[in-house]
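Numbering (our numbering), first residue to last: -3 to 134.
Think of the CB as a built atom: it goes at the ideal place given N, C-alpha and C, for glycine as much as any other residue.
Nothing here was measured: the structure is a model prediction, and the numbers come from that model.
Right, dumping it as structure tokens:
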């Protein structure tokens, strides 16, 4: 795994540690880490807007339940990003990302999605660092 992959894994590790180890739970943890990573690069105003939209998208009717989730998971992960990657925040300096809330909430990739497409000589999207033709292509 390359440096970027190792950095992302280190960032997501607290969420992964809270899973039961099943593939589904690890995928959810990684999706949540990706969501928090993206929000960490937004201005605080945009972060709050995204968090409010996530509450609706995830179906939290009780605001106090979501407030606990926000305070115990989302905000600490945003802070973790700032501590682990300070240079990104110095450069970004409250940029407003063009992402919409729908784009921020990761969806499972399908074979037809651009995320899963790789040329046969490109690195495999599974992260194995092998060429796609020598790994998941078959």
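Cα-Cα separation, residue i to residue j
i           : j          : result
residue 129 : residue -1 : 23 Å
residue 37  : residue 61 : 25 Å
residue 117 : residue 18 : 31 Å
residue 47  : residue 27 : 15 Å
residue 57  : residue 51 : 8 Å
residue 203 : residue 6  : Limits of the chain in this structure are -3 at one end and 134 at the other, which puts residue 203 out of reach.
residue 45  : residue 14 : 27 Å
residue 59  : residue 66 : 10 Å
residue 132 : residue 9  : 25 Å
residue 99  : residue 84 : Here residue 99 scores only 48 on pLDDT, less than 50, and its place in the model should not be relied on; the value that follows carries that caveat. Rounded to whole angstroms, residue 99 to residue 84 spans 21 Å at the Cα level.
residue 120 : residue 1  : 13 Å
Endpoints, alpha helix (DSSP H) assigned at residue i
i          : result
residue 65 : 59 to 65
residue 16 : Run containing residue 16: none; DSSP gives neither H nor E here.
residue 42 : 40 to 53
residue 78 : 71 to 80
Local Cβ density within 10 Å of residue i, reported as buried at 16 or more and exposed below that
i           : result
residue 34  : buried
residue 54  : exposed
residue 68  : exposed
residue 23  : exposed
residue 126 : exposed
residue 29  : buried
Among the options, the one whose alpha carbon lies nearest that of residue i
i          : options         : result
residue 31 : 14, 63, 72      : 72
residue 43 : 25, 70, 20      : 70
residue 39 : 9, 74, 12, 25   : 74
residue 11 : 59, 76, 1, 85   : 76
residue 3  : 84, 41, 119, 80 : 80
Distance cut-off 7 Å: residue i Cβ against heavy atoms of the ligand COA
i          : result
residue 37 : The ligand content of the structure shown is nil, which means the ligand COA is not present either.
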